[in-house]
Amino acid sequence: MHQPRTLLDNFFLVIKGLCMGAANKVPGVSGGIVAFVGGFYEEFIYSLQKVNSKAFKLLFNGRFRSFYQYTNGRFLLLLISGMLISYFSISRVLDYFLEQKELYVWAAFFGMILGSIHYIGKDFDHWNQRTVFSGIIGLIIGISISFLSPATQNDNLFFIFFCGIISVSGMTLPGLSGSFILILLGNYVLLLVDSVNALYDTFSEVLSGDFGFVDNPQRMRILTILTVFTLGSATGLVTFSHLLSFVLKRFKAITTAVLLGFITGSLGVVWPWKRTMFKMDASGNPILDSNGDKVVLNYERYFPNLGDSETWWAIFFVILGILVLLLLDWYGKNRKERKQIRTAR
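Position 228 (the sequence shown) corresponds to 674 in our numbering; numbering is contiguous.
Shown next as structure tokens:
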């Protein structure tokens, strides 16, 4: 049985969904880290695991209340609602700041991931030969991914479905950024910028009574791509959750060690001080994709100049990111203590 939640708990669950949605939008940051640090990672995975043949049988037989209870419906509904709200609000704000103050955004998330490593690792006391080896494997994989070169954009619908399956890994695997994977696959702009903006514009037009988008082939193509991507994401979310729930039940210590190593290795992805390198043609001009966006080749990382005031502001945001995680840790401990006191009464 899932522990009953208060109205305040439900409100904070929506906020956590907002944070997961925002984290998933930023390349290098994983929504799974938010779930891990927020203390609801295992419940999230086990709830998704309940979306199985038994759940569909309840749904098709019209037993909606039983389906809702079996799948921990309130938890999933509130969390996913927060994610959806984020895609049309916080993620658009993040897009703005990534364009205007990119260094500070990366610095804040770098600090938050540092804080996450401390948060997850401080209570992990199962270090032995197997977990140390597992942690090193996770670290190597995380570092390797951060140095891969991005591919070019591909809007083939089968590939889009595959992108959906792979990108949703960021929600279920802390440290693996789904949006960074989309950059490597060449479809980040198409699926997390153009598609989301097209859906936002479509909703705005429908609410104002304008259905002209139906006659716009470019808009309909983007909406079709978004639909296939969403179906792929849903498929991946349920599939990964079944796999992870199996692994967490049987190999929890090893899994946690791998995730710790993986998150540490992923720090290279969000290293704040980097320059974007674009693909160039023979004349030295940047190559553009079908949407007119520059094709990313890779990222050139460099060490900051300590004599630059911008560097010190970035360091401030790194510290701020760490403090956010420490505050979340403090809030989680206090919340747990208050629940224990209420239970004792």
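C-beta atoms are modelled at their ideal positions from N, C-alpha and C, and glycine is treated no differently. Note that the structure is predicted; figures quoted are calculated from it, not measured.
- Excluding the 5 residues flanking it on each side, D727 has same chain C-beta neighbours closer than 6 Å at I733, in chain order.
- With a cutoff of 9 Å on beta-carbon distance, S615 and V704 are scored as not near each other.
- Collapsing the DSSP output to three states places Y533 in a helix.
- Here the stretch 525-535 makes contact with the stretch 463-482; the two share three or more CB pairs at distances below 8 Å.
- Put simply, the backbone Cα of Y748 is about 14 Å away from that of E756.
- By the neighbour-count criterion, in which a residue is buried when 16 or more other Cβ atoms sit within 10 angstroms of its Cβ, V660 is exposed.
- Membership of T701 in any beta strand (DSSP E) is not indicated; the residue belongs instead to the alpha helix (DSSP H) covering 698-711.
- The shortest CA-to-CA distance from L706 to any of G567, Y492, Y550 is the one to G567.
- Of the candidates L454, L459, K471, K471 places its Cα closest to the Cα of D640.
- Per DSSP, the continuous beta strand (DSSP E) segment holding M723 begins and ends at 720-724.
- Of all alpha-carbon atoms in F486, I587, V684, P718, the one lying nearest the alpha-carbon of E746 is that of P718.
- DSSP places I733 outside any alpha helix (DSSP H), giving it a letter other than H or E.
- Cβ-Cβ distances below 7 Å link H688 to Q495 in the same chain, with the five nearest sequence neighbours on each side left out; the list follows chain order.
- In the displayed model, Y514 falls within a helix according to three-state DSSP.
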